[in-house]
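K.L.:
I'd like to ask you about the structure that follows.
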Amino acid sequence: MSTSSSPHALRLGVNIDHVATVRNARGGVYPDPVRAAREAVAAGADGITAHLREDRRHIRDADIAALKSLPVPLNLEMAATDEMVAIALATRPHAACLVPEKREERTTEGGLDIVGGRAHLAPRIVTLAQAGIRVSLFVEPEAAVMEAASALGAPVVELHTGSYCEAHAAGDAARTRAELDRIVRAARHGTALGLEVHAGHGLTLDSVGPVAALAELRELNIGHALIAEAIFVGLQRAVRDMRAAMDRSRGG
Ligand code: PXP
């Protein structure tokens, strides 16, 4: 959701998928993810992120259309399928973040295979870019992957922070450091190649600091931990606390 009007050097994209998860548990109309998105924006989110999955387990097509009408950039996470490309072309989100997707997974489990998947991804990246949609590739934080992303012509990569967050949650300091180092190296290498570098997946108020401190990063996309925290403190407070943690770690 890179926009020059954003007040933050490190943007916060709030992913509202799991508001839809709760809604869909009863198959009704509440809680409304669009209402959640408005609350997130009121609390300082720079953009809204939503993943329209093939199985529609949380976000539905109508949610995407409604989210597009909000006054902040919409980052549509999507598999690189013809169905999703057609939806993106019809909706024209600000950005499309291409993610790998398996029906059986609980959440997005790893980064895109952009080396093996090159022939499949390349034409879809071109189609989205020609429609004015900023394409981002959700990838593992590896130097070789940065090279491949750059060669594919995508302007943005989003580094998968899942392994770092798992190590952090397990209290494994050595592994946390090693995973953070991977993110640091990939962020630097990607930036040197001219890529805009984002990060996300699994970040919490406790784990966000060292990632937010990386000057190369331009955007974090955070969802599950914010929606979980909102149960106890409300969504606006959860977003404000996350924003403050990000700003603090950048000396703000
Ligand atoms: N970025 C991407 C590409 C994702 O697929 C997800 C999960 O939908 C997130 C960020 C947000 O992850 P979380 O909900 O764990 O914060």
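Going letter by letter, the sequence shown gives residues 0 to 251 in numbering that gives the first Met the number 0.
Where is the CB? At the ideal position from N, CA and C, for every residue including glycine.
Bear in mind the structure is a predicted one, so any value in this text is a computation, not a measurement.
Assess contact between the segment 72-84 and the segment 35-51, defined as three or more Cβ pairs (one per stretch) separated by less than 8 Å. Is contact present?
P.N.:
The segment 72-84 is in contact with the segment 35-51.
K.L.:
Find out if the Cβ-Cβ distance for the pair V156, M145 is shorter than 8 Å.
P.N.:
The sequence position of residue 156 within the sequence shown is 157, counting from 1. The sequence position of residue 145 within the sequence shown is 146, counting from 1. Cβ atoms of V156 and M145: closer than 8 Å.
K.L.:
Please indicate yes or no: does the CB of E157 lie closer than 7 Å to some heavy atom of ligand 1?
P.N.:
Indexing the sequence shown from 1 puts residue 157 at position 158. Answer for E157: yes, Cβ within range of ligand 1.
K.L.:
Comparing alpha-carbon positions, which option in G170, L213, A118 and A89 lies nearest I63?
P.N.:
The sequence position of residue 63 within the sequence shown is 64, counting from 1. That would be A89, whose Cα lies nearest to the Cα of I63.
K.L.:
Compute the distance between the beta-carbons of P32 and R22, then report whether it is under 8 Å.
P.N.:
Looking up residue 32 in the sequence shown gives position 33. Looking up residue 22 in the sequence shown gives position 23. Yes.
K.L.:
By the 10 Å Cβ neighbour count, where 16 or more other Cβ atoms means buried, how is V238 classified, buried or exposed?
P.N.:
Working through the sequence shown from its first residue, we reach residue 238 at position 239. Label assigned to V238: buried.
K.L.:
Use the C-beta contact count for G152: other C-beta atoms within 10 angstroms, 16 or more gives buried, fewer gives exposed.
P.N.:
Position 153 of the sequence shown holds residue 152. Per the 10 Å Cβ criterion, exposed.
K.L.:
Measure the beta-carbon distance from I182 to A147 and round it to whole angstroms, keeping in mind my assumption that it falls under 8 Å.
P.N.:
For the purposes of this step, residue 182 is identified with residue 183 of the sequence shown, where counting begins at 1. For the purposes of this step, residue 147 is identified with residue 148 of the sequence shown, where counting begins at 1. I182 to A147, Cβ: 17 Å. No contact.
K.L.:
Report all residues from its chain with a CB closer than 7 Å to the CB of T175; omit the five preceding and five following residues, and keep chain order.
P.N.:
Taking the first residue of the sequence shown as position 1, residue 175 is located at position 176. Closer than 7 Å at Cβ, skipping near neighbours: Y163, A166 and H167.
K.L.:
Helix or strand or just coil, what does DSSP make of L69?
P.N.:
Locating residue 69 in the sequence shown gives position 70, counting from the first residue. Here L69 sits in coil by DSSP.
K.L.:
Hey, quick one: how far does the alpha helix (DSSP H) through V270 stretch, first residue to last?
P.N.:
No answer is possible for residue 270: the residues shown for the chain start at 0 and end at 251.
K.L.:
Do H93 and ligand 1 come close, with the Cβ less than 7 Å from some heavy atom?
P.N.:
Taking the first residue of the sequence shown as position 1, residue 93 is located at position 94. For ligand 1, not one heavy atom lies less than 7 Å from the Cβ of H93.
K.L.:
For I230, is the classification buried or exposed, using 16 other Cβ atoms within 10 angstroms of its Cβ as the cut-off for buried?
P.N.:
Stepping through the sequence shown from its first residue, residue 230 is reached at position 231. Exposed is the call here.
K.L.:
Just the C-alpha distance for L179 and P209, rounded to the nearest angstrom, thanks.
P.N.:
Walking along the sequence shown from the start, residue 179 turns up at place 180. Walking along the sequence shown from the start, residue 209 turns up at place 210. Answer to the nearest angstrom: the Cα atoms are 8 Å apart.
K.L.:
Looking at the unbroken beta strand (DSSP E) that takes in V33, where does it start and where does it end?
P.N.:
The residue labelled residue 33 in the question sits at position 34 within the sequence shown. Not the beta strand (DSSP E): V33 falls in the alpha helix (DSSP H), residues P32 to A41.
K.L.:
Going by C-alpha to C-alpha distance, which of A85, A79 and A94 sits closest to K67?
P.N.:
Looking up residue 67 in the sequence shown gives position 68. If we check each option's Cα against that of K67, A94 comes out closest.
K.L.:
Is any heavy atom in ligand 1 found nearer than 7 Å to the beta carbon of I221?
P.N.:
Here residue 221 is taken as the residue at index 222 of the sequence shown, counted from 1. Checking every heavy atom of ligand 1 against the Cβ of I221, one is found closer than 7 Å.
K.L.:
Which residue comes first and which comes last in the beta strand (DSSP E) that contains A148?
P.N.:
By one-based count along the sequence shown, residue 148 stands at place 149. Per DSSP, A148 belongs to no beta strand (DSSP E); it is in the alpha helix (DSSP H), A142 to L151.
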